[in-house]
Each structure stands twice: as C-alpha cells, then as structure tokens.
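Below: one structure, written as structure tokens.
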Amino acid sequence: TQASGSAPPTTDPGPSTSPASSAGPVRRLDQPVTLRVLASNELQDMEKVLAAATEATNVKLELTLTTSREGAAEVASGRADGKYEAYWFASNAYLALKPEAAGRIATSTKIMTSPVAFGLNEDVARRLGWDKTAPTWADLVKAAAEKEFSFGMADPANANSAFTALATAEATDVSKGQS
C-alpha cells in the first residue's frame, strides 16, 4: 500500500502493464534508495528475504514494525502522513474498517495470500457431512452457533489470522447460506 502524496523513486520500466503481468527480471537501481515502510510486526521474520531483495534491487526497506490494528489507526489519524513512503500490513482488513484511512492510501496491491485453515476431528466432519462436501463459511458459522462442535481461536483483536477469519464469518449471510 503506497502512502498518499508520496511517490517512491522509480526507474522507467519501458512499456508497462499491470504489476501482475510484468513478472520479468527486476532491474537494479544505479543509486541506492531507502523506502520507509510502516509494517506489520508479522514481517519481522522477513529479514533474509528483504536483504536478498535489497541486494537484487538496491532498494532498502526501512521497516517500522507495529500491529496491523495500530498501524491502521496511525494511518487513519494522519500521524503516519509524511513519515512513510508505504504501508505493508499483514491484512488491509483493519484499514477497511477505518473510512478515514481511504483518502490517505494512494494505491493498494495484494502481494500475498495466506489460507485460513479450519480443522476438525474426523468423526465430527463425517457427522456433519463435511467429509464428502467441503463446508462454506456459512456452514461453519451455522454449525458453531448450533454448538455442533467447540473450537478455540486466537484473539481477533491481536491476531490478523483470527481477525480475518472472524471478519469473513461475519460477512457471511448465514440466513441465505452464502459463503
């Protein structure tokens, strides 16, 4: 996600297309560039990947780590204005909950996805018929509400995976069985 009003230095890539279709070799910049990035603390284990990217591109990412929730609040409040060239959160879901953040984001590009896994004991899955047909989010929400199984999850206030799962379940229209 690029901060509004900031334009990181770029090289002319020639005739261009969208990022998704421009999967060619990356050209190393002649001069080093440092981009200040407000980032999710989940990215702290990316040191080796970022070092390799810096070596390949001559672009260093200077990460300021925070939680996605706190980072979204900083962006939405304007406290991040001018301090960063980009924001890199594990999920944009927290930003989406803050309409005041919309005008502060110039562009947003999904660069990774991470599946959410839901595991059940085999006998429970068989009893619910999910051994033959994969359940939808609506099925999961309905069965949980009817106490067909018990479950535990991380705190959605502090874990992006739990928040994303909860937001997805909440967005599901259980009455219509949509997923």
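Our numbering numbers the first residue of the sequence shown as 8 and each following residue consecutively.
Idealized CB from N, CA, C, for every residue including glycine.
No experiment lies behind these values; they were computed from the predicted model shown.
- Of the other Cβ atoms in all chains shown, 16 or more fall within 10 Å of the Cβ of residue 70; this residue is therefore buried.
- DSSP lists 43 as the beta-bridge partner residues of residue 69.
- By the Cβ neighbour-count rule, residue 85 is exposed, with fewer than 16 other Cβ atoms within 10 Å of its own.
- Under the DSSP assignment, residue 79 falls in the alpha helix (DSSP H) whose first and last residues are 75 to 84.
- Residue state for residue 95 is assigned as strand, using DSSP reduced to three classes.
- Residue 136 and residue 153 have their C-alpha atoms spaced approximately 15 Å apart.
- Note that the C-beta distance between residue 47 and residue 93 is not below 8 Å.
- In the assembly as shown, residue 44 is a buried residue. Its beta-carbon has 16 or more other beta-carbons within 10 Å.
- Judged by their CB atoms, residue 156 and residue 150 are nearer to each other than the 8 Å cut-off.
- Taking the Cα positions, residue 113 is about 41 Å away from residue 140.
- Under the three-state reduction of DSSP, residue 151 is assigned to helix.
- Collapsing the DSSP output to three states places residue 167 in a helix.
- Looking only at 129, 95 and 130, the smallest Cα-Cα distance to residue 117 is reached by 95.
- By the criterion of a C-beta distance shorter than 7 Å, residue 75 is surrounded in its chain by 47, 96, 97, 98, 101 and 167, once the five residues flanking it on both sides are discounted.
- Boundaries of the alpha helix (DSSP H) around residue 56: 54 to 64.
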